[in-house]
Structures are given as C-alpha cells and as structure tokens.
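Numbering (the numbering used here), first residue to last: 723 to 1039. Shown next, in structure tokens, is the structure this report addresses.
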Amino acid sequence: MKTYTYTEKKDTRSGFGAGLAELGRTNPNVVALCADLIGSLKMNQFIEENPERFFQIGIAEANMMGIAAGLTIGGKIPFTGTFANFSTGRVYDQIRQSIAYSNKNVKICASHAGLTLGEDGATHQILEDIGLMKMLPGMVVINTCDYNQTKAATIAIADYDGPVYLRFGRPAVPVFMPEDQVFEIGKAIKLTEGTDVTIVATGHLVWEALEAAKLLHKKGVSAEVLNIHTIKPLDNQAILESVSKTGCIVSAEEHNFLGGLGESVARVLALNKPTPQEFVATNDTFGESGTPTQLMEKYGLNCNAIIEKVLKVIDRK
C-alpha cells in the first residue's frame, strides 16, 4: 500500500498566515480583519506588507463580522481571523443575518479549533462549529489537514465567490500533503487504495487515519483513506464509489459526532447506499484542559481509536 512520511511538523494556522501573505501580494482586493489575535492567527506578514489593508477590530468579534460584510459591498474580499469558538458560536447571529443570508463574499478563518487547542480548556475548545456553519445556506465549510493544504486552501477560497468557513488548528502536526497541490473545493483526495474498509477523515484526523491504515495493513486489512477537506459541499461521488468497493466506512473528525462530517456522510449513505458506518468523534461532550495528545487519547480521536472502529465496522458487514 502507499505510505506517507513527513520530515517536519508545522501548525496549520501558520499555513493560513503564509497563504494570506501570498494573497496580499497577488490580489489587491484581499483585506484582513482580526479580533486582537494577530500573533495567534499568524497574520503578521500580511500586515507588515499591507498595513493599509488590515483592520484591527479588537475584542469585538460581532462587529468584525458586520464590518467584513460591509467591505464586500465595495468589492473587497475580507478574511476575518480569530479563534474558532469566537468565529462561530459568539457571532452566529451576525454571520447568519449579515453574511450568509445575503451571500456576502466573506472568508471566516478560524484557528484553535477542537480539542487540540489544549490547555485553554472547554470554553475555547469548540466542537460544534462545523455543524453550526454547515447548516447555514450557501456556506462552504473547509477543514484542512496540514500546513501545505491550509496554505493552498487559503489561496483558493479568495477565488470563490461566496461565504466560506475555513477551520484550522493550533498544534504542530505532520506536513505530508504536496507543497504544490491545487486545492479544489468540494473534491475529496484519495490518499490510499483499499478494499476492506473506507476511512473518511478531516483535519488533524487525516494523518491519524493514514497511520491507522499502515497498521491495519500489517493486520491484513486493506483500508482506503479519503481526505475530506471540504465538508460542505461534500464529495458524495467519492464516498459512494469507495463504499461500493469496501462495503463499510469509518468517519474520523475532531468534532462532536452530532452535526459533523460523520453525520453528513451518514446522510449520503442513507439516501443512496445504506452502509455500515462507525464514528470517530467526540460523544456529545465538552472538552477539558490538557495537552493535545492527552485529550485526543482520552476522547478517542487518534490512530488507535480509528483501528478499533475499523475492526468493529468490518464485523458488521
């Protein structure tokens, strides 16, 4: 089977910063707004090179969304930056009414998503944001897996006309996707071929899925891994083609199983091809303070958890 390796680890938020800086050089309509978290969102380089195209809003996230919506009327492409909890839960009304309802061309860029935010604890570790955003009509929802993919996605969404939610994270994770990749919204990426089980993973769980596939191969289990970087619009065709071959599926995400990738996949299967499915996700719970590794282990969001669910779903075929 095809295996993946990495030579370095980088945080996905730095991929966002690098992509934003490149957009600053190539697209004069791109502007950036931040809610007092420039360093955390890695927006420094964009600001240094384009000070007149940056707006520091302060700790006023709702106001930031309203300003971003207004900037689109003049042809600007605003990228907002703050933590995922403040990018969605705190400002849901403003996003719904001022951005989604009127289909404004705002790019909502959210760092520190999920449990891997770590020691800041449950109040900041939003595990509901994908569900919140995917339910908004017309909202594209993207959750990238590494530095390279986050940079590519940041650049790609500037060319998409409409609201986008781009989710990424805090910790340094393996860099394994190609540096020169072309990011296609709504197009899953098949990372490994397999015949016994399909693993659809998003965000930080993509690398864990690849590690699981490697260990499963040693056990004689052939796993097909799909990188689902775009949760909405979902690549229904890729999922259905894969399960037609494997006969069962495991979804893996750093999010509540209610409202996340797994539920979107289940809907596709229920409407088109009912298939045994298991979920690797948090189980209707908040997080807590701890290191990312500790939390991913406790809440069952890692390679071992994926293997366990794979073996369980194969027994259900």
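We put the beta carbon where it would ideally sit given N, CA and C, even for glycine.
Item, Value
"Going by the DSSP bridge assignment, what does G803 pair with across the sheet?", "C756, C831"
"In this structure, how does DSSP classify L915 when only helix, strand and coil are distinguished?", "The displayed chain sequence assigns Glu, not Leu, to residue 915. Of the three classes helix, strand and coil, the one that applies to E915 here is coil, per DSSP."
"Which residue wins for smallest C-alpha separation from T1013, given the options I877, T838, Q959?", "T838"
"My output table needs one value for K764: the three-state DSSP class, helix, strand or coil.", "coil"
"Comparing C-alpha positions only, which one of L1023, T920, D883 sits nearest to L927?", "L1023"
"Just to confirm before moving on: does the CB-CB distance between A974 and A923 stay below 9 Å?", "yes"
"Name the DSSP beta bridge partners of E1000, please?", "V972"
"Measure from the alpha carbon of N749 to the alpha carbon of each residue in R775, M765, D758, M899, then state which is nearest.", "R775"
"Relative to the alpha-carbon of V919, which residue among P885, V972, E1010, A822 has its alpha-carbon at the smallest distance?", "V972"
"Can you give me the C-alpha to C-alpha distance between F1001 and K798, rounded to a whole angstrom?", "40 Å"
"In the DSSP assignment, what are the bridge partners of A923?", "N949, A974"
"Helix or strand or just coil, what does DSSP make of Q903?", "coil"
"Could you tell me whether the Cβ atoms of I817 and T810 are closer together than 9 Å?", "yes"
"Considering only DSSP beta bridges, list what L888 is partnered with.", "C831, I864"
"So V895 is in the beta strand (DSSP E); what residue range does that whole segment cover?", "894 to 896"
"If L888 sits next to I852, beta carbons under 8 Å apart, how far is it from one beta carbon to the other, in whole angstroms?", "Going by Cβ atoms, the distance from L888 to I852 rounds to 12 Å, so no, they are not a contact pair."
"By the DSSP assignment, the alpha helix (DSSP H) with D733 in it spans what residues?", "Note, D733: premise wrong, no alpha helix (DSSP H); beta strand (DSSP E) at 731 to 733."
"My output table needs one value for Q816: the three-state DSSP class, helix, strand or coil.", "helix"
"Please work out which residues of its chain come closer than 6 Å, Cβ to Cβ, to G737, disregarding the five sequence neighbours upstream and downstream, and give them in chain order.", "Y869, T872, K873"
"Helix, strand or coil for K954, going by three-state DSSP, please let me know.", "strand"
"Assuming Q847 is part of the alpha helix (DSSP H), what are its boundary residues?", "Segment: none, Q847 is in no alpha helix (DSSP H) and carries neither H nor E."
"Helix, strand or coil: how does DSSP classify F777 here?", "strand"
"Counting along the chain, where does the alpha helix (DSSP H) carrying K1034 start and finish?", "1025 to 1037"
"Buried or exposed, going by whether 16 or more other CB atoms sit within 10 Å of the CB of I781?", "exposed"
"Taking H834 as the reference, which of K995, R1038, H977, S986 has the closest Cα?", "H977"
"If you check the beta carbons only, do A935 and I921 fall under 9 Å apart?", "yes"
"For I953 versus G982, is the C-beta distance shorter than 9 Å?", "yes"
"Can the beta-carbon of T866 be found closer than 9 Å to that of G925?", "yes"
"According to DSSP, simplified to helix, strand and coil, what is V990?", "helix"
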